[in-house]
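Trainee: Residue numbers (this note's numbering), protein chains in the order written: chain A, 2 to 374; chain B, 408 to 550; chain C, 486 to 1046; chain D, 140 to 508. Virtual Cβ for every residue (Gly too), placed ideally from N, Cα, C. Here it is: the structure, laid out below.
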Amino acid sequence: MSKFKGAVITAKSGTEKTIIDMLEKTIDKGVFDAIIIPMRVPAGDSFAYVLIKDKSLLNDASVLPPTMFVQGAKAVSSVTRLGKGKTKIAAVMRPCEVRATIELAKLGQVDLENMTIISMDCPGVLPSSDFLKDPEKNIKLFNEAAKKLDDTIMRPVCQICNKSSMVSGDIHIGTLGAKKDAFFFISNSEKGEKVANKLGINLKDNIDSWQTKVKTISEEKHEKRKKAHKELKTKVGGIDNLVETFSHCINCHNCMRVCPVCICRLCYFDSDKVKHPADDYLERTESKGSMRFLPDTTLFQMGRMMHMSISCVSCGACEDACSMSIPVAQIFSMIADETQALFDYVSGRRLDESIPIVAYKEEELHEVEDAND
Amino acid sequence: MKKDEEFMPKILAFLCNWCSYAGADLAGTSRLKYPPSILPIRVMCSSRVDPIFVIRAYLSGIDGVIVAGCHPGDCHYQEGNYYTRRRFAMLKKVFEETGLEKDRLLLSWVSASEGQKYAKVATEFTGKIKGLGENSTKNKVFL
Amino acid sequence: MERKIGVYVCECGPNIAEKIDIDKVIEEISSNNDVAVVEKYKLLCSSDGKKFLEEEIKKQGLTHLVIAACSPKEHEKTFMEVSENAGLNPYLFQLANIREQCAWITEDKDEATKKAIRLIRAAIGRVRYHSSLEKKEIESNPDVLVIGGGIAGIEASLQLASPERKVYLVEKTPELGGLVTNFEKNFLSMKSLSEIINSKIEEINTNENIKVFTSSEVEETVGFFGNFEIKVKQANSEEDPIQFNVGSIVVAIGSTLFDPKKIPEYGCGKLDNVITSLEFEKMNKSGKISLKNGKPPKSVAIIHCVGRDEKGYCSEICCMYSIKFARYLTDKIPSVKVSNLYSDLCIPGKTNQKFYEQTIGKNVNFIRSSDAEIIKSKDQLSIKYNDENGSKSNLIVDMVVLAPAVEPAVDASKIAEIIGISQGDEGFFEEEHEKINPISTSTEGIYIIGCAQSPKNISETLIQSEAAAGKILSSLIPGRKIEPEVKTSQISEALCIGCKTCLYVCSYGAITFDESKKISVVNEVICRGCGNCVAACPSGAASIKHFKFKQLYQEIREAVK
Amino acid sequence: MTKVLIMNKNTEQGVLEFLKFLLENKKVKGVFSLKKIDKKGAVAYSLITNPKDLEDAVPFYPLMPVNAGNLLSRFTLNGPPKEPIAAVVKPCELRGFIELIKREQGSLENLLIISSTCGGVYPTKLEIDGTVEKNLSKYWDAVKKGQILNDIRPACKSCEEFTPYVTDITVDILGKNDLDKQCIMFLNTKKGEEIVKSIKADFSDNKIDGSKLDNIREKRGIEKKKLFEEIEKKMNGIDGLIQIFGKCISCHGCSKVCPICYCILCEFESSDSEYGPSNYETELRKRPGLRVPPGTLYYHLGRLTHMGISCVACGACDDVCPVDIPVSMIFKKVGESVQKMFDYIPGKNIEEEIPLITYKKDEFTEFEG
């Protein structure tokens, strides 16, 4: 039944430690020259992606950090946007980060040729604002919650994420459905298999237990997601609610800046295209008696929906970065599900799936046409 | 860097084409000697030196930066070096306030006839940097 | 595009070969990205060397050229020509200076070799980001506008006018000639000036290549070196201003005199027979030096340095014409006594001293004095002053001639405004550089000569007239285009936010503001390529050709690797 | 002595009635002021042309969702209004606007600026849960007494520039005991005097009580000293800076909301600031590893050199930072020291040139080695 090849890896010293050891080995064996992986910053109050060359740094690396301060896809793209270079790199990320990376590859922001992508089953991440309140405590909390698959303390979008085990990279670490002190090493590409046999891993084991578990969880989450979106729609749906929701926006554009798939160097909504003479604004004001100035915050958000919702991976980075606690990520995840469903497209699912807006089918979407035509 | 060999700093020297670069050349034609630490970068005017360059070089681990231009009043472009001086003053202040080693930065006026002075500046500044030791930003990870 | 960088290391005879392990350099360099060939050569600047290079560039089909040799100040031009001859854009070349700033200053050969490698790597890193630049050529107008019809302007006009070069001479007053027309004789030679000046004016009027506008003023000048558009307005005429184009402008508006009335102690304007040097020149030229009552003066005092302290500079010429005045007097009134009250005597030059010594003695004496004060005593004038030892003295004379300081012309600031040149603290026009460019201004193609630039005597003035003519004759050759600086700055229309910072820091007015687009624009013909605006621009909208961020950044990175 | 307009009613009410008068009598085409946008106490700057809509206006509400300097720049940048607009802004917002005008990013044409002595604002975060609304009485009480509240923006606690410059009308608020009985407006400019001419009210000549403001300034000064010392301890060299900025996620929100950062594309978001493969290879030759995306320190230090000279210490950058970096204190401290060098107070005098576009021939000789 499986399209993946996999192997069971025993991890007496714990999953994370075992993976780190594997990574060290890949460097020793020259499989990779460098590894992109989260590390705790010196102050201890954050985790940042680091391009590691010296394997001794791996000891401080963290395969599954409790938070996502910078979306991994941004890290990968910053390293390869201008070209793949000679360095062979492995990037360790969460599934939604991998999916964003795939989208960026389609958009020419990432070069995957010398890049091997490793993902793992993701229990979600803590909102960074929560984490910052007490890093030490929250690391513990996260680890316990992760073990128990309890997502209540995670980002809202993590709680309704049905793709937390989606494999679109080269290698995936499956912890779901695994026996104690073991995990699944799952290969999704030739690159993955190469790494496996360099490490002497035999991809012949049965991984059904992982797949069954993944299936049930993503189905549960899918239901939960639909329900949440339904509720959200009643809250923010309709022009009044929408405007009300975004009326707190202070135009800092943090959401756009941290969004892995917002790639424009200069956002359309920061350009002079949205700046007008005073009297234009006054004219608009007069029609209603008074107008909020900052203008166009809703325009900005809806514009973004048009620009990136087709590639949105619902990672939640935007919501974390929002200084006004607007549920941006939840709203965008809702919109994204709809727009992507239109083309039955799943952002970052597969590299060979082209982004719908750069492709078309002759026979499609007649429902949006005027019936009389 | 091996222990046994003495620390030879890397020092960037931005030299304006008309005065300081010519001064540096003169030091050479006069066969004066100064340490090989100095790595000249020729710009047409010291006012081309964007403070951002210096910050970037510093963070990338350069041990010292010299910005050299014509003496005030002698700028080939009339007044460029006055602006250079203001920007440099600001940059140094920013370094000072953020607790970075502002002593790794040097502004110096060297005319085309001051080969002697250039060699002196190069030697003394190199000595000073040796005293400060390697720039620790070299091996920082979280920049 | 695939890059093929050729690197050629010059041994420069023994100069580099002995100090740097060139073979090691070559070995190190050849491994660099995009480096197609690394070779050494005895002496690349020799004719053989140049031939060798030219052939190599063609043979190897190089896209970029790096030469490691002497200072660019030495041979950059040479090698740029070579690559041009070989069909490679000269700006796709970078010279690594491994002689003056490496081989010659480093004791230890290994260290020198290491540094040489760095410098060459830097050059390679930089050249990789070079782009070809094309020499710009623009049509230029050889004609000249001369502002001011005094001796300076007249001389310049005569030097410049030719069938290929029209000169437009604009004089504010109805007459040409300026101050000099008031002088009977010339200092030193004591020859008649009128003849000289009149013949020059005659020459001007008969020269069909010189168009004279008297009672006229320049109203507007726009454009730049080689292409100025001029508007000249005739006084009290209703017609529209006359328009014409020139390639360069000579400013010769002369100067005026300090008003002694500002120093009441001298009683100028109040006391009879206290007159200024100019009034005296006129009186003398009229043929008769006389007092108010018509009688010739028996005794005359000439007070030097009038207003020097107020102005804060020495006007250079007063002492000399004061000596001339003494001669006028003694020639016309043999019995007259002339006393020169001076605070410092300024008679420089190879022959002036002699002239002074000849004048002194017979009825002419020089008194070092200060704080002179003139009052009436009967029908004479009494001058109270402190002598050399600071003790009070008194001098009774019939007539007092005041030699006031030389001041900038009345409408100097107006002119400065109109043509866009700057004035120094004293109000005279400011030269670009007192040593390097003494008659040029910060605006290319605009020159300042004569007393408009600083007080000076006639011969010094004529020298400047000829200098300006020389500059123009050599830079604006009829029929030949001018080549402005190639490495100019540019401003990205997309990124410029229009804060004008660049505009303020530019010393050459090369940046203008496009009001409709609200962005800054570089006039590449005026830009001299210093790069100041680039460092000043916070948003990276300004960049400068051949010293772009990436070019310098890559050079830096490779140098410090 | 300046002309003053005195009304015997609550200060905010007085100002609102004044604005209403201006609108109704077509003295101004519109009003720019903070305005309630929901019941929970969320406020936003708004343009108001209909006098009725002034009911929800709260010109002196202790919040600064966006620095009005940015907004007035955006409002006037592409052509100022043809008819007058009255704008009620806080002193630091005004100073930000003036700095922007010096950079051609706006104009005072047809703006009637009304500002006040300022008691500071709360962090915008406190708007959302309604804390500000709850604390209003506490806030105004402290303002009357000229006390410093603990939970307002650090930048405000330590602000000594709380009296507006370049304003047409100054409303006396800070340290004014009878705030809710009497409203005093100082008419500093002709513009100001002109516009109120036709009002029937008692005018007199007066001046703001300097001594009262001085001892508030003193308190703020003490607070500032304290905060500066704290931050100074942290800012000790490269390691200190890494401790502070290590968690920066490069959202550049601080520059987006900064009233001084006005570039279309920030230099640190341009291609010049990107690392190519060879850059990484070089870096990894020196370092065991490098954070990716790199450049957090580069960005903040660079920004300091770009806008430090004009920083008005409004504190907007603190509010917007999603990872709680004390941006404003760092920029205030470095900014002030840079400004002191040129003895330049940003936004104080619209005629005064920004130090970086000019120079003196004999200065900073101590910097020449």
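In terms of residues, what are the limits of the alpha helix (DSSP H) holding residue 615 (chain C)?
Mentor: Counting from 1 along the third sequence, the entry for residue 615 (chain C) is found at position 130. Where residue 615 (chain C) is concerned, there is no enclosing alpha helix (DSSP H), given that its DSSP letter is neither H nor E.
Trainee: When DSSP labels each residue in this structure, what does residue 286 (chain D) get in the three-state scheme?
Mentor: In the fourth sequence, the residue the question calls residue 286 (chain D) occupies position 147. Residue state, collapsed to three classes: coil.
Trainee: Taking residue 592 (chain C) as the query, report the chain E residues whose CB atoms sit under 7 angstroms from its CB, ordered along the chain.
Mentor: Absent here is chain E; the protein component of the structure consists of chains A, B, C and D.
Trainee: At a CB distance below 7 angstroms, what residues from the region 451 to 463 of chain B approach chain D? Give them in sequence order.
Mentor: Answer in chain order: 458, 459, 462 and 463.
Trainee: Looking only at its own chain, which residues have a Cβ that is under 8 angstroms from the Cβ of residue 862 (chain C), when we skip the five neighbours before and after it?
Mentor: Within the third sequence, residue 862 (chain C) is the residue found at index 377, counting from 1. Excluding residues within five positions, the ones whose Cβ falls inside 8 angstroms are 881.
Trainee: Along chain B, in chain order, which residues have C-beta atoms closer than 7 angstroms to that of residue 916 (chain C)?
Mentor: Start at 1 with the first residue of the third sequence, and residue 916 (chain C) comes out as number 431. The contacting residues do not exist; residue 916 (chain C) stays about 11 angstroms from chain B at best.
Trainee: Quick check for students: name the residue ranges of the beta strand (DSSP E) that lie wholly in the region 205 to 230 of chain D, counting only runs of 3 or more.
Mentor: Complete beta strand (DSSP E) runs here, min 3: 224 to 227.
Trainee: Please tell me whether residue 332 (chain A) has its Cβ less than 9 angstroms away from any Cβ of chain D.
Mentor: Taking the first residue of the first sequence as 1, we reach residue 332 (chain A) at position 331. False, the Cβ-Cβ gap to chain D never drops below 9 angstroms.
Trainee: Sort A:217, A:134 and A:199 by Cα distance to residue 166 (chain A) and report the nearest one.
Mentor: By one-based count along the first sequence, residue 166 (chain A) stands at place 165. Per the Cα distances, A:217.
Trainee: Is residue 108 (chain A) helix, strand or coil by DSSP?
Mentor: Reading the first sequence from its first residue, position 107 is the one you call residue 108 (chain A). DSSP places residue 108 (chain A) in coil when its eight states are reduced to three.
Trainee: Cβ atoms of residue 704 (chain C) and residue 903 (chain C): under 9 angstroms apart, would you say?
Mentor: By 1-based counting over the third sequence, the position of residue 903 (chain C) is 418. By 1-based counting over the third sequence, the position of residue 704 (chain C) is 219. Yes; because the gap between Cβ atoms is below 9 angstroms, this pair is in contact.
Trainee: What is the DSSP secondary structure of residue 411 (chain B), counted as helix, strand or coil?
Mentor: By 1-based counting over the second sequence, the position of residue 411 (chain B) is 4. Unreliable placement is indicated for residue 411 (chain B), whose pLDDT of 46 sits below 50; the coordinate value is still reported in the next sentence. In the structure shown, residue 411 (chain B) sits in coil (DSSP, three-state: anything other than H, G, I, E or B).
Trainee: Please list the partners that residue 70 (chain A) has in chain D, where partner means a Cβ-to-Cβ separation under 8 angstroms.
Mentor: Against the first sequence, residue 70 (chain A) aligns to sequence position 69. Result: 386, 388 and 462.
Trainee: Excluding the 5 residues flanking residue 505 (chain D) on each side, which residues of the same chain have their C-beta closer than 6 angstroms to its C-beta?
Mentor: As a first step, residue 505 (chain D) is located in the fourth sequence; it is residue number 366 there, counting from the start. Taken in chain order, the list of residues that qualify is empty.
Trainee: Looking at the structure shown, is residue 869 (chain C) part of a helix, part of a strand, or coil, going by DSSP?
Mentor: Numbered from its first residue, the third sequence carries residue 869 (chain C) at position 384. Reduced to three states, the DSSP call for residue 869 (chain C) is strand.
Trainee: Taking C-beta to C-beta, are residue 334 (chain D) and residue 223 (chain D) nearer than 9 angstroms?
Mentor: Working through the fourth sequence from its first residue, we reach residue 334 (chain D) at position 195. Working through the fourth sequence from its first residue, we reach residue 223 (chain D) at position 84. Yes. Within cutoff.
Trainee: Can you grab the Cα-Cα spacing for the pair residue 241 (chain A) / residue 313 (chain A), in whole Å?
Mentor: For this step, residue 241 (chain A) is matched to residue 240 along the first sequence. For this step, residue 313 (chain A) is matched to residue 312 along the first sequence. Cα to Cα, residue 241 (chain A) sits roughly 24 angstroms from residue 313 (chain A).
Trainee: Quickly, what does DSSP pair residue 850 (chain C) with across the bridge? List them, please.
Mentor: Stepping through the third sequence from its first residue, residue 850 (chain C) is reached at position 365. Per DSSP, C:824.
Trainee: Excluding the 5 residues preceding and the 5 following residue 147 (chain D) in the sequence, name in chain order all residues of the same chain whose CB lies nearer than 7 angstroms to its CB.
Mentor: Counted from its first residue, the fourth sequence places residue 147 (chain D) at position 8. Taken in chain order, the residues that qualify are 320 and 321.
Trainee: Taking only beta carbons into account, state which residues of the region 76 to 94 of chain A come closer than 9 angstroms to chain D, listed in chain order.
Mentor: Answer set for the region 76 to 94 of chain A: 76, 77, 78, 79, 80, 81, 82, 83, 84, 85, 86, 87 and 88.
Trainee: Could you say if the region 457 to 467 of chain D and the region 939 to 955 of chain C meet the contact criterion of at least three C-beta pairs nearer than 8 angstroms?
Mentor: These segments do not touch.
Trainee: Quick one: which residues of the region 235 to 252 of chain D get their C-beta closer than 8 angstroms to a C-beta of chain C? List them in chain order.
Mentor: Listed by position, the residues of the region 235 to 252 of chain D near chain C (Cβ gap below 8 angstroms) are 242, 243 and 244.
Trainee: At 7 angstroms on the CB atoms, spell out the chain B contacts of residue 43 (chain A), in chain order.
Mentor: Mapped onto the first sequence, residue 43 (chain A) falls at position 42. The answer, in chain order, is 549.
Trainee: Please identify, using Cβ separations under 7 angstroms, the residues of the region 986 to 998 of chain C that lie next to chain D, in order along the chain.
Mentor: Result list: 986, 989 and 990.
Trainee: With a Cβ-Cβ cutoff of 9 angstroms, do residue 492 (chain B) and residue 502 (chain D) count as a contact?
Mentor: By 1-based counting over the second sequence, the position of residue 492 (chain B) is 85. By 1-based counting over the fourth sequence, the position of residue 502 (chain D) is 363. Cβ distance < 9 angstroms, so residue 492 (chain B) and residue 502 (chain D) count as in contact.
Trainee: Within 10 Å of its beta-carbon, does residue 361 (chain A) have 16 or more other beta-carbons around it, so buried, or fewer, so exposed?
Mentor: Residue 361 (chain A) sits at position 360 when you count from the first residue of the first sequence. So residue 361 (chain A) counts as exposed.
Trainee: Just how far apart, CA to CA, sit residue 15 (chain A) and residue 147 (chain A)?
Mentor: As a working note, residue 15 (chain A) is residue 14 in the first sequence. As a working note, residue 147 (chain A) is residue 146 in the first sequence. Cα to Cα, residue 15 (chain A) sits roughly 14 angstroms from residue 147 (chain A).
Trainee: Kindly indicate which three-state DSSP category residue 1038 (chain C) falls into: helix, strand or coil?
Mentor: Residue mapping note: residue 1038 (chain C) aligns to position 553 of the third sequence, counting from 1. Of the three classes helix, strand and coil, the one that applies to residue 1038 (chain C) here is helix, per DSSP.
Trainee: Figure out for me which residue from B:433, B:414 and B:441 has the closest Cα to the Cα of residue 592 (chain C).
Mentor: The residue you call residue 592 (chain C) lines up with position 107 of the third sequence. For the residues B:433, B:414 and B:441, the minimum Cα distance to residue 592 (chain C) belongs to B:441.
Trainee: Does residue 408 (chain B) have its Cβ less than 9 angstroms from a Cβ in chain D?
Mentor: As a working mapping, residue 408 (chain B) is identified with position 1 in the second sequence. Any reading at residue 408 (chain B) must be qualified, since the residue scores a pLDDT of 44, below 50, and its modelled position is unreliable; no value is offered.
Trainee: Mind checking residue 300 (chain A): buried by the 16 CB within 10 Å criterion, or exposed?
Mentor: Residue mapping note: residue 300 (chain A) aligns to position 299 of the first sequence, counting from 1. Residue 300 (chain A) comes out exposed.
Trainee: I think residue 163 (chain A) touches residue 219 (chain A), with their Cβ atoms under 8 angstroms apart; what is that distance to the nearest whole Å?
Mentor: If you number the first sequence from 1, residue 163 (chain A) lands on position 162. If you number the first sequence from 1, residue 219 (chain A) lands on position 218. Rounded, the Cβ-Cβ distance is 4 angstroms, consistent with contact.
Trainee: Once the 5 residues before and after residue 318 (chain A) are set aside, which same chain residues still bring their CB inside 6 angstroms of it?
Mentor: Start at 1 with the first residue of the first sequence, and residue 318 (chain A) comes out as number 317. So the list reads 72 and 259, once near-sequence residues are dropped.
Trainee: Determine the burial state of residue 713 (chain C): buried for a count of at least 16 other Cβ atoms within 10 Å of its Cβ, exposed for fewer.
Mentor: Translated into positions along the third sequence, residue 713 (chain C) becomes position 228. So residue 713 (chain C) ends up on the buried side.
Trainee: Which residues share a DSSP beta bridge with residue 887 (chain C)?
Mentor: Position 402 of the third sequence, counted from the first residue, corresponds to residue 887 (chain C). DSSP, once it has assigned bridges, lists C:761 and C:788 as partnering residue 887 (chain C).
Trainee: Take residue 509 (chain B) as the anchor and find which of B:498, B:516, B:518 and B:532 has the nearest alpha-carbon.
Mentor: As a working note, residue 509 (chain B) is residue 102 in the second sequence. The candidate whose alpha carbon is nearest that of residue 509 (chain B) is B:498.
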